[in-house]
Amino acid sequence: MSVIALASDHAGVDLKAFLADELKARGFEVLDLGTDGPASVDYPDFGYAMADAIAKGRAEKGVAICGSGIGISIALNRFPHIRAALCHNGLTARLSRQHNDANVLALGARMIGLEVARDCLAAFLDTPYEGGRHARRVDKLGHPPAAAC
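Here the sequence shown is numbered in this note's numbering, starting from 215 and rising by one per residue.
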């Protein structure tokens with residue numbers, strides 16, 4: 215059984231719970247990295263926890279949620295082994311997998327509704343990476359040139 219990590223800040227708690235149920239219904243094991251309530255928390259902490267879980271093999275992929283999806287995706291993309299894609303519909307989620315081999319789906323709980331989130335999740339899970347002409351570019355994502363660092 216594949217393991218999918220879920221993480222959110224306080225703005226994403228309800229969407230995280232909804233998507234956890236979706237994942238379980240699809241046969242995935244869920245690694246819930248928090249948070250679990252409405253008390254204000256810092257989204258980078260949960261993004262970093264997800265990056266660590268993926269690096270250590272505790273999960274294959276992840277779904278990260280904050281109010282806009284922007285902050286948590288920025289936090290996650292600080293790690294070279296993470297390719298977090300902020301998606302707003304099924305098409306962007308599908309393309310994030312096909313062309314970018316995204317391993318984290320980032321969503322904005324205040325930006326999209328439950329049905330759109332469900333569509334994004336399905337596209338993210340069901341779409342394989344194409345490789346081929348995209349592989350050279352995706353490889354560069356985890357290995358920036360020294361001058362950029």
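Virtual Cβ for every residue (Gly too), placed ideally from N, Cα, C.
| Check | Outcome |
| --- | --- |
| As a quick exercise: from A331, S282, P358 and L245, pick the residue whose alpha carbon is nearest that of K270. | L245 |
| Which parts of the stretch 293 to 359 are runs of the beta strand (DSSP E), unbroken and 3 residues or longer, counting only runs that do not cross its ends? | 298 to 300 and 318 to 322 |
| Have a look at S310 and L339 and give me their C-alpha separation to the nearest angstrom. | 11 angstroms |
| Where do the N-terminal and C-terminal ends of the beta strand (DSSP E) with A221 fall, by residue? | V217 to S222 |
| Confirm, please, whether the CB-CB distance from L355 to E236 is below 7 angstroms. | no |
| Taking DSSP as the reference, what is the three-state secondary structure of A253? | coil |
| Just how far apart, CA to CA, sit A331 and Y262? | 22 angstroms |
| Kindly identify the DSSP beta-bridge partner or partners of D246. | L220 |
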